[in-house]
Structures are given as C-alpha cells and as structure tokens.
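Contents: one structure, followed by commentary.
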Amino acid sequence: MKMQSYAALQEAGDPDDGGVLIHVVESSRARWNHIEDLDSFFSKMYKYHQQHGFSCMMLQEVLDLFQFLFVIILYVFLLHCVDYPMLFGDEKLLNSTKVTISDVIYPPNQCVAHFGLFTWIGISTAALVWLLRLFRGIYYMFYYWDIKQFFNSALEVADCDLDNLTWHEVQTKARTVQLEQQMCIHKKELTELDIYHRILRKQNYLVAMANKRLLQPRLQIPIIGEVVYWTRGLRYNMQILLFWSPWAPFQNPWHLREEYRKPNLRHELANKFGRLVLWLALANLILSPLIFFWQILYTFFSHAEILKREPGSLGVRTWSLYGRLYLRHFNELEHELHARLNHAHRPATRYLSAFNSPMLTIFANNFAFIFGAILAVLIVLTIYDEDVLAVEHILTTITVLGAGLAVCRALIPDETLAWCPETLLSNVLVHTHYLPDGWHGQAHTLRVRKEFQQLFQYRIVGVLEELLSPIITPYILWRHIYPRSLDIVDFFRNFTVSVVGVGDVCSFAQMDVRKHGNPEWQGAQVQTALDQYTQAEDGKTELSLVHFTLTNPCWKAPSEAQQFVQAVQRESSLMVPQSSGDYMLQVDLNDSSNYGAPVRMEGPANTNPSNMSLSTLYLHDRHFRQVGNRYIRRAEETTPLLLSH
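In UniProt numbering, the protein residues as written are 1 to 645.
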C-alpha cells in the first residue's frame, strides 16, 4: 500500500494584506488523503472486516507458518526417525517385553544420518518457501497495522466492534471518510459500485470469461464423459497470466496496457501471450513433482482425522470451484456468494438425492445388511470381552466395515422423499439464481443431473481434482489455454472500459442491460438479430443488476437500469401461476428448509432475501415464456471474435 501524506496549506488572504494564515491538517486526517493503490486498500479493508480484525489475522498468519513447518517436520520424522521393524514387532527387545516410545524412535544424530539427497533438497526447498512466507507475513503485518489505524481513527471502529457491523455499514463509513479526506482524488464521492469495482476488478473479469466459456476447459474423460476442469492451481496460473506477471495484459492493478486496446496489434499480442502460456506450462511441469508431493502431504494430514471420525465426510457434496465461479454475480463479494450457496446447500442435496439407481440401491441394501451384521457381531464380542480388540487387524476390520456401512447407507434413497425434481430444482434456483436454458422442464433427466453435479460435486471429487492439479495443469495450459490466446486478447480489448476514479474495469461489471443484456430476459420483443457475443449468458447481466441493487439499495443506478429493476420488482410481486411453465413459481419462499443462518448480512438490516428470490423466479419464468422450447446456441460458438481471420 502506497499512501502519500500532505500537509495541506490554506491561504486566508493575500500576503500583501498583512500575512498568511496557515492551517496544517491533522496527521490522522492527512494520512488517508490520496491513497495511490485503492484496489489494494479496499481489498485489504474488506478482508480485515471479514477476518475479524488485526489480532485474528496475525494469529492466523502465525499458525499457518507453524502448520507448514509442522507438516514438513512430521513427514521427515515419519520417514527417517521411526524404527518401523521395532514398532510392528518384527524385531524384539533383548531385555524387555514391553516396547516404549523411546524404543521405536531413533536418536537425533542417527535420524539425521538417514537423510538422503532428496530429503535434503526437499528440506532446503521447504525452508526457502517458509522464509518467503515469513517475509510476506511480516509485510502483511505492517500493511494491516495501517488498515487497523484506518478503522480505529478514520472509521472510528474498534476491533472489538467489527463483528457488530455489517460490511454495508463499514462501506457507508468509508464513503463518508472519502467526502472528508479525499482518499480518491479523481472524484469527490465514491459510490458503492466504485468500491465493488476496486475490490472485484480481477474477479469480475474471471466471472465474465467463465460466463462466455472462454476460461474453464471442458475435458472428455472416457466413461465419465464431459468434465469441467477448474482447480485452485489452474486459477492461480490464470491470475498470473492475466494480472500478476510483468507481461500480463494489465500494466498495474487498475490499468490495461495501451497496446491491448489496438486491434492492429491483436495477433502480435496473442503470440506474446501464447509464449507466456507455454513458459508457464513448462515451469509448472518442472515444479509438478514438488507441488504434487506437497499436495499429497497436505491432503493426507488435513483429512486423516476427520476421515477417521466421520468416514462418510468425503461423500458429502459441496459447491465446486467451477460452480462458485459460474453461479457468482458480477460485483458480488465473497461473503455474499458464500451466504447464497450455504442457503442452497440443503435444496441442492435434496434434488440430487431424488435420483437413484435401482440396481445400485439393491446392492447397497444387501451389502449394508452384510456389513451391519458382521459389525454387530464384533461389537457384541468386544462388549463381552475387550480382549477381542487385541486380535490382529480387528480394529482395522471394524473401521472398514463402518466405512462400508456408511457408504451403503448414503446410496440408499430416502423413502420419505417425494419424486418432484422440478420443484426441488426450483428450490435450488431460489438461492443460486442461475439455471441454464436447457434445464427448463428437464430437471428429471439424467443429463441435467450430470451437469448439475459439475456445480455440486462430492467432496472426494474436489480433493482428487486438487491432488491431480499439479500434473494436469501444465497440459491444460498447453492444450486449452494456449490455443485461445487470440480470443483472450480480443476479450480484454472488447470488454474493457475506463471509469473515472476507478480505472479500467470489465464492461460486463457495469451491468449495462442495454449493452450487455439480453432482450429475451427483459421482456422485449426481439425484432433484429441478436449479437450474442456482447451479451452475457444465462441472464447474468440482468440478475447481477437486480442483486446488486437489492444488496445496495442506496446505490443510484442509471435511469434505464433503475427502471428495469423497479419493473422487475413490481411485476414479480404480482406473480400468479398461469401455465405449465410455472413450476418455478410454486416455491415456498418461507420454507425453513431453504434458509439457514447467514454467515454475514448481505446488505442493510432491512434487506429482504425473498425480494431477490421472487425477482429471480420472475426473470427465469419470463425468459422461459419468451424463448419457449427454442434451441439456444451454446456460448462457446460465439465467444471468439475471429471475423478478421
């Protein structure tokens, strides 16, 4: 964070009239005048609020460093410092029959003597990474200390009061400080959208690129079929390519390089970008063994305890990383998205639970009976005589049987669940807000279920994807991102606009229903051919606009956007089922099963979540009536702008 302090001087009169009256602005005020990197400042301010203040953040940093060190030490200890023949009883003590902990652990000097070349390389690499993380933590400590001072002095919010304030209230205070101290010197007043643009500048680009199916690759896996591949590792690499590297399209956090605005340089820029992709793919390939090894260690230590305690935990469904990207609105902060998807978790689970394979159910019922019978016998024998536990592999057998029984029970459908897939999917839509065109009226089909599982996957699937990410990411960069270099260059040129006081932002994030909206979502009669390339897919512009307006009711939208939102709210409040397409309107918005305690309030305290739910259902129903059963072209057919080829 770079901040410039100014001692503001005000002249009370002309020097010839008898002197100069100088007023020096207090340091606590002048300190926040003209903050150069407002993107970083507002992002850190948001993170500071969401992570409960300076003490909690620094404690987390320290424990993260300790955890990294602990994982490395534990691995080296288990690999070189344990006498496994003695531990497993293959070797016997000469003078004792009882094995103690000291008997199975080598002395430190003997332990170090077991280190090989690869162990020393691994330790050296880990030490270097740990030191880098330490320096980063020290830098963050000073940075967040400044943020703490801003909260305490400028916003007049103590750390102990952070949890009593919603983000909307913090944002309102920050806008007031802008009027007093001019954090941004390019405009007098900052709007809610300006702050969101600063925090979500990069995220909005990713959401837009995913919406146009330009970002995430779709792989054809034998037997499994089409898989949308999007992991943390791939996301990190894309952020390096697009925003962080010295050769990225963005010159600095808020300004796109001028050459990316020139159509005549598109091929030259695409070649440069393609070379950057290939170099990054090569770097990933070289580092993949180390990253893969770390992924295995971290995954094992992270999930071992919970897997032992709750064997079925890996069979629980969670929103995939791709699902979170696809379902995210433009200008939606992380806590807002998290709250929405938390609310949608139970309805989504119910929808997928409605599907079952009769043959698999038969197998599950029978194996559950067998596993349960054997497990019951072993438990009864253990209760009768605890020496049964001393029998070799008996604990392993009980654990495996328990896990098998949990899996079988998960495969057996709930007998009390009614078969109403359309209504169940509607309950999901209330919170996710997005539904692909091809899903309307098809909620009962296997195709829709498989596509929905890409958004709402088993936790074990996500774990396996992250494990394999170091191996697959170089291939993805080479085979899927590299061929789209020209499309990416075109995207940044065509969909970047400059906003006064904010800088360059993704034009989709402006939520302009005239420029990026779809008349079929606005109830307009389409007279001319639609330019689908400039339109957001699946009603993203319209739904994002309604969501942002309801989340930030004090925001003054442009007149056309304001009229659209008001019309949607007015008409959605009068919704009455009128046709067979109205299955989406049969949702009980007050059903307690649909709502849970929010992680954070999404807006002002008087915000009613059902307003967005009604607007969502209304817009989807109107769009469904507009297009009927007409075939909708897939987004990937119109994403590239290659007319000049």
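Backbone N, C-alpha and C fix where the C-beta goes; we use that ideal spot for every residue, glycine too.
Keep in mind it's a predicted model, so treat the numbers as computed, not measured.
Exercise. Pull up the CB-CB distance for L179 and E189, whole angstroms please, since I reckon it's below 8 Å.
Key: Along the sequence shown, one-based indexing puts residue 179 at 179. Along the sequence shown, one-based indexing puts residue 189 at 189. Their Cβ separation, rounded to whole angstroms, is 6 Å, which keeps L179 and E189 in contact under 8 Å.
Exercise. Quick one: residues in its chain with C-beta nearer than 6 Å to the C-beta of Y229, no 5 flanking neighbours on either side, listed in chain order?
Key: To locate residue 229, count along the sequence shown from 1; it is residue 229. Within the same chain, Y229 has close Cβ partners P217, L219.
Quiz item: When the Cα atoms are used, what is the spatial distance from R625 to W521?
Solution: If you number the sequence shown from 1, residue 625 lands on position 625. If you number the sequence shown from 1, residue 521 lands on position 521. Cα to Cα, R625 sits roughly 10 Å from W521.
Quiz item: Once you ignore the five residues that flank E542 on each side, which residues in its own chain have a CB closer than 7 Å to its CB?
Solution: Sequence index remark: in the sequence shown, residue 542 carries index 542 (1-based). Correct list, in chain order: V513, G517, W521, Q522, L619.
Exercise. Determine, using beta carbons only, whether L285 and P474 come nearer to each other than 7 Å.
Key: Translated into positions along the sequence shown, residue 285 becomes position 285. Translated into positions along the sequence shown, residue 474 becomes position 474. Yes, they are a contact pair.
Exercise. Classify C554 as buried or exposed, calling it buried when 16 or more other Cβ atoms lie within 10 Å of its own Cβ.
Key: What you label residue 554 is simply residue 554 of the sequence shown in a count that begins at 1. So C554 counts as exposed.
Practice problem: Evaluate contact between the segment 71 to 91 and the segment 99 to 108, counting only Cβ atoms and requiring at least three cross-stretch pairs below 8 Å. | Solution: yes
Quiz item: So, I199 versus Y434, is the Cβ gap smaller than 7 Å?
Solution: By one-based count along the sequence shown, residue 199 stands at place 199. By one-based count along the sequence shown, residue 434 stands at place 434. Their beta carbons are not under 7 Å apart, which means I199 does not touch Y434 by this criterion.
Quiz item: Taking the C-alpha atoms as reference points, what is the distance between L280 and S245?
Solution: Locating residue 280 in the sequence shown gives position 280, where the first residue counts as 1. Locating residue 245 in the sequence shown gives position 245, where the first residue counts as 1. C-alpha separation (whole angstroms): 10 Å.
Self-check item: Residue ranges of each beta strand (DSSP E) within the segment 441 to 480, 3 or longer
Solution: 456 to 458
Self-check item: Integer-rounded CB distance, given that P347 should sit under 8 Å from L424
Solution: Indexing the sequence shown from 1 puts residue 424 at position 424. Indexing the sequence shown from 1 puts residue 347 at position 347. Going by Cβ atoms, the distance from L424 to P347 rounds to 7 Å, so yes, they are a contact pair.
Self-check item: F250 - DSSP class collapsed to helix/strand/coil
Solution: As a working mapping, residue 250 is identified with position 250 in the sequence shown. Strand.
Exercise. State yes or no: is the C-beta of V505 within less than 7 Å of the C-beta of R201?
Key: As a position in the sequence shown, residue 505 is number 505, starting the count at 1. As a position in the sequence shown, residue 201 is number 201, starting the count at 1. Result yes, Cβ atoms of V505 and R201 sit closer than 7 Å.
Quiz prompt | Three-state secondary structure (DSSP) of I147 | solution = For the purposes of this step, residue 147 is taken as the residue at position 147 of the sequence shown. Reduced to three states, the DSSP call for I147 is helix.
Quiz item: Quick one: is K98 buried, meaning 16 or more other Cβ sit within 10 Å of its Cβ, or exposed?
Solution: Counting from 1 along the sequence shown, the entry for residue 98 is found at position 98. That one is exposed.
Self-check item: 8 Å CB neighbourhood of F367 in its chain, flanking five on each side removed
Solution: Residue numbering aside, residue 367 sits at position 367 when the sequence shown is read from its first letter. So the list reads G404, C408, once near-sequence residues are dropped.
Practice problem: Could you tell me if M359 is buried or exposed, where buried requires 16 or more neighbouring beta carbons within 10 angstroms of its beta carbon? | Solution: Within the sequence shown, the letter at position 359 stands for residue 359. So M359 counts as exposed.
Practice problem: Have a look at I398, Y482, S288, R447 and flag the residue whose alpha-carbon is nearest the alpha-carbon of L467. | Solution: Position 467 of the sequence shown holds residue 467. Among I398, Y482, S288, R447, the Cα nearest to that of L467 belongs to S288.
Quiz item: Is V565 helix, strand or coil by DSSP?
Solution: Stepping through the sequence shown from its first residue, residue 565 is reached at position 565. The answer is helix: DSSP assigns V565 an H, G or I state.
Quiz item: DSSP state of R198, grouped into three classes?
Solution: In the sequence shown, counting from the first residue as 1, residue 198 sits at position 198. Correct three-state label for R198: helix.
Self-check item: Unbroken alpha helix (DSSP H) run spanning D504, endpoints
Solution: As a working note, residue 504 is residue 504 in the sequence shown. Careful: D504 lies outside any alpha helix (DSSP H), inside the beta strand (DSSP E) at 503 to 506.
Self-check item: Euclidean distance between Cα positions of Q563 and L545
Solution: Taking the sequence shown and counting its residues from 1, the one referred to as residue 563 is at position 563. Taking the sequence shown and counting its residues from 1, the one referred to as residue 545 is at position 545. Distance between the alpha carbons of Q563 and L545 is about 11 Å.
Quiz item: Within 10 angstroms of its Cβ, does D161 collect 16 or more other Cβ (buried), or is it exposed?
Solution: Counting from one through the sequence shown, the residue named residue 161 turns up at place 161. Exposed: under 16 other Cβ atoms inside 10 Å.
Quiz item: Which of the three DSSP states, helix, strand or coil, is assigned to L256?
Solution: Here the question's residue 256 lines up with position 256 in the sequence shown. Strand, per DSSP.
Quiz item: Residue range of the beta strand (DSSP E) that L219 falls in?
Solution: Here residue 219 corresponds to residue number 219 of the sequence shown, with the count starting at 1. Element bounds for L219: 218 to 221.
Quiz item: If you count every other CB in all the chains shown that lies within 10 Å of the CB of S573, and 16 or more means buried, which is it?
Solution: Taking the sequence shown and counting its residues from 1, one reaches residue 573 at position 573. Exposed, because fewer than 16 other Cβ atoms sit within 10 Å of the Cβ of S573.
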